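Reviewing the structure listed below.
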Amino acid sequence: MSQFDLFGTAPDDPATGGRARQVDGDTAAPASHAPRAGQTRRGGVGAADLPGDVHRLGERLPGSIRLGTSSWSFPGWKGIVWDDDYSDTKLSRQGLTAYASHPVLRCVGIDRSFYKPMSIVEYQKYAQQVPEDFRFLVKAPSVVTDALVRGEKGEGLSANPCFLDARIAAEQFVTPCLTGLGSKAGVLVFQVSPLPSDLLRDIPALIHRIEAFFAALPPLPQGDTTPEGLAAPGPCYALEIRDGALLTPRLMRSLGPLGVRYCLGLHARMPHVERQAAALAMLDEAGAGPLVVRWNLNSGHRYEQAKAKYAPFDKIVDPDPVTRDVLAALAAHYALAGHPVYVIVNNKAEGSSPLSCCALAERIVELSSTPSLASAE
1 MSQFDLFGTA PDDPATGGRA RQVDGDTAAP ASHAPRAGQT RRGGVGAADL PGDVHRLGER
61 LPGSIRLGTS SWSFPGWKGI VWDDDYSDTK LSRQGLTAYA SHPVLRCVGI DRSFYKPMSI
121 VEYQKYAQQV PEDFRFLVKA PSVVTDALVR GEKGEGLSAN PCFLDARIAA EQFVTPCLTG
181 LGSKAGVLVF QVSPLPSDLL RDIPALIHRI EAFFAALPPL PQGDTTPEGL AAPGPCYALE
241 IRDGALLTPR LMRSLGPLGV RYCLGLHARM PHVERQAAAL AMLDEAGAGP LVVRWNLNSG
301 HRYEQAKAKY APFDKIVDPD PVTRDVLAAL AAHYALAGHP VYVIVNNKAE GSSPLSCCAL
361 AERIVELSST PSLASAE
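So for the sequence shown, full-length UniProt numbering puts the first residue at 1; every next one is plus one.
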C-alpha cells in the first residue's frame, strides 16, 4: 500500500468502454400526470398495483431521502413497477411517469448520458414525465471522464485529449442538463473510468487536475424556497472513481472547499462501503452536504456475471444485508442532519433494484424511528 492509498485498493477490473448501447432510451414522451395504479394509459405504460404496505413505506420514508434505480427500461419489473408486459424500448421512452408514481422511487439514474452527450430537448422530455419533487442523478459523458479513447471491446487505444476538459464538460453536459431538467436536476456525477498506470503513478498530480477541473465548472443554481418556507436543495456535483488508489485524504481535502461531493461507488474495483464512508467523513470535516451513493454491483461478481445471473431482474437473488445496513445508517444519519440523500441502486447489486430500494427503505425507516439515532443528532 502506497503512502497515498490510505483507504485501500481493490482488485483490477476490465476497463469500461466499447460501443454505447441504449440504456435509457433516446426519446421520451411528455406527460404531466402519473397513471393510476393498475391502469394502462392508452398507448402508454401503466403502473403496477402495489400492496398497501409499499404505499405506507413510502409515506414513512423521510422526504429528504430519495431512492431510485440505475435506468428504468426493464420488462422484468412487471408487477413491481409496471402493470403489464412492455418492451424495453417502450419503457425507456414512456415508462418514467409510471416509475415516478411508485411511492418509494423518488429519483432515477440517467446512464445513457455517459455513452453519448444528450441534448436539452432530450433532458426536457424526461423532466416532463415526472412530478416536481422528483430528481435525476445524471452521469457525465465519458468523453471528459475517461482518460483513454477506447475500442469496441473497451480496450484502451490512446490518450483522450478531452479528459477533464471543463469547457467541453460545461458545453456538452452541465449546460444542457441543467437547462433541460431545471429544478429536477439532483446530482451531476463525474464517474472517472479506470485509469492507466502512468496516471496512477503520480496521484498528487492527478488530484490536482481533478481539483482544477471542478473549480472551472460553471457554478450551480441555488435551491428554491417552497411555499412552506423550506429550502429545496439545488443540484450538486459529485465525483465517482474506479481506482481505490485515488481514495485518499488529499482527494477529500481538495473536494471539500469546492462543494463537490464524493459519490460512494459500490463496485468490485473499489474498497468496501465502510472504507468509503470513512473517506466521506473526512470530506465532511470541511462541511457536510448531500449523501450520494451508487450501489452498482454485487462485490462477488463482475458485471456480465451479475447480469446473466440476475436477469430478468424480477427478484432479489443475492441479498446483501451488510451493505444495506451500512447504507441505511448513512442515509438516516444524513437525513436527520438535514442533508439531502440520493441512493441509486443497480439491478446487479442484489438482483432487482426496485426491490432493493424497498428493502433499503424499510431499514431506513426502522433506523429513523430509533430513539438512540435521533438523540445522537
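The C-beta atom is built at its ideal place from N, Cα and C for all residues, glycine as well. Just so it is clear, the structure is predicted and the values come from calculations on it, not from any experiment.
> Since E240 sits in a beta bridge, which residues does DSSP pair it with?
Replying inline: Within the sequence shown, residue 240 is the residue found at index 240, counting from 1. According to DSSP, E240 bridges with Q191.
>> Give me the DSSP bridge partner(s) of T69.
In response: Numbered from 1 along the sequence shown, position 69 holds the residue referred to as residue 69. In the DSSP output, where bridge partners are listed per residue, T69 has V108 and V345.
> Between the Cα of N160 and the Cα atoms of T145, A166, T370 and A169, which residue gives the shortest distance?
Replying inline: Within the sequence shown, residue 160 is the residue found at index 160, counting from 1. Closest by alpha carbon: T145.
> What residues in its chain sit with their C-beta under 6 Å from that of R60, if we drop five residues either side in the sequence?
Replying inline: As a working note, residue 60 is residue 60 in the sequence shown. Taken in chain order, the residues that qualify are V365.
>> Need the endpoints of the beta strand (DSSP E) that K135 sits in, please.
In response: For the purposes of this step, residue 135 is taken as the residue at position 135 of the sequence shown. Note on identity: in this sequence residue 135 is Arg, with Lys being the wrong assignment. Counting along the chain, the unbroken beta strand (DSSP E) around R135 starts and ends at R135 to K139.
> If you drop the 5 nearest sequence neighbours on each side, which residues of the same chain put their C-beta closer than 6 Å to that of T179?
Replying inline: The residue given as residue 179 occupies position 179 in the sequence shown. Within the same chain, and ignoring the five residues on either side of T179 in sequence, the residues whose Cβ sits closer than 6 Å to its Cβ are I120.
> Tell me which same chain residues have a C-beta within less than 6 Å of the C-beta of V138, skipping the five on either side of it?
Replying inline: Within the sequence shown, numbered from 1, the residue matching residue 138 stands at position 138. Contacts found: I110, S113, C177 and L188.
> With a Cβ-Cβ cutoff of 8 Å, do V293 and V260 count as a contact?
Replying inline: Taking the first residue of the sequence shown as 1, we reach residue 293 at position 293. Taking the first residue of the sequence shown as 1, we reach residue 260 at position 260. No, they are not a contact pair.
> Mind pulling the alpha helix (DSSP H) runs of 4 or more residues that sit fully within the segment 151-179?
Replying inline: Taking only runs of at least 4 residues, the alpha helix (DSSP H) segments lying wholly in the segment 151-179 are 166-169.
>> Tell me the DSSP secondary structure of R56 in three-state form.
In response: By one-based count along the sequence shown, residue 56 stands at place 56. If DSSP states are grouped into helix, strand and coil, R56 belongs with the helices.
>> Let me make sure I understand the geometry here. Which of P194, L246, L164 and F190 has the alpha-carbon closest to that of P204?
In response: Numbered from 1 along the sequence shown, position 204 holds the residue referred to as residue 204. Checking every option, the nearest Cα to that of P204 belongs to L246.
> Within this structure, are the beta carbons of C357 and L105 separated by less than 8 Å?
Replying inline: Numbered from its first residue, the sequence shown carries residue 357 at position 357. Numbered from its first residue, the sequence shown carries residue 105 at position 105. The answer is yes: Cβ separation under 8 Å.
>> Using only the alpha-carbon positions, how far apart do V341 and C236 sit?
In response: To locate residue 341, count along the sequence shown from 1; it is residue 341. To locate residue 236, count along the sequence shown from 1; it is residue 236. So the alpha carbons of these two residues sit roughly 12 Å apart.
> Out of curiosity, what's the CA-to-CA distance linking W72 and L148?
Replying inline: Stepping through the sequence shown from its first residue, residue 72 is reached at position 72. Stepping through the sequence shown from its first residue, residue 148 is reached at position 148. Between W72 and L148, the C-alpha separation is close to 28 Å.
> Between R363 and C162, what straight-line distance do the alpha-carbon atoms span, to the nearest angstrom?
Replying inline: For the purposes of this step, residue 363 is identified with residue 363 of the sequence shown, where counting begins at 1. For the purposes of this step, residue 162 is identified with residue 162 of the sequence shown, where counting begins at 1. Distance between the alpha carbons of R363 and C162: 42 Å.
>> Is the separation between the beta-carbon of Q94 and that of G156 shorter than 8 Å?
In response: Taking the sequence shown and counting its residues from 1, the one referred to as residue 94 is at position 94. Taking the sequence shown and counting its residues from 1, the one referred to as residue 156 is at position 156. Remark: C-beta atoms of Q94 and G156 do not approach each other more closely than 8 Å.
> In terms of residue numbering, what span does the beta strand (DSSP E) encompassing R253 cover?
Replying inline: For the purposes of this step, residue 253 is identified with residue 253 of the sequence shown, where counting begins at 1. Per DSSP, R253 belongs to no beta strand (DSSP E); it is in the alpha helix (DSSP H), P249 to L255.
>> Helix, strand or coil, according to DSSP, for C358 in the structure here?
In response: By 1-based counting over the sequence shown, the position of residue 358 is 358. For C358, the three-state secondary structure derived from DSSP is helix.
>> Relative to the C-alpha of F313, which candidate in R56, S70, R209 and A47 has its C-alpha closest?
In response: By one-based count along the sequence shown, residue 313 stands at place 313. Comparing alpha carbon positions, the residue from R56, S70, R209 and A47 closest to F313 is S70.
>> I'd like the list of long-range same chain contacts for R66, defined as Cβ closer than 6 Å, with 5 residues on each side in sequence excluded.
In response: In the sequence shown, counting from the first residue as 1, residue 66 sits at position 66. If the five residues before and after R66 are omitted, its C-beta is found closer than 6 Å to the C-beta atoms of R106, C107, R135 and Y342, all from its own chain and listed in chain order.
> Excluding five sequence neighbours on each side, which residues of the same chain lie with their C-beta closer than 6 Å to the C-beta of T323?
Replying inline: On the sequence shown, residue 323 is found 323 positions in, with the first residue counted as 1. So the qualifying residues of the chain are V273.
> Under a three-way DSSP split, which group does G223 fall into?
Replying inline: Along the sequence shown, one-based indexing puts residue 223 at 223. The answer is coil: DSSP assigns G223 none of H, G, I, E or B.
> Alpha carbon to alpha carbon, how far is R242 from G234?
Replying inline: As a position in the sequence shown, residue 242 is number 242, starting the count at 1. As a position in the sequence shown, residue 234 is number 234, starting the count at 1. Approximately 26 Å, taken between the alpha carbons.
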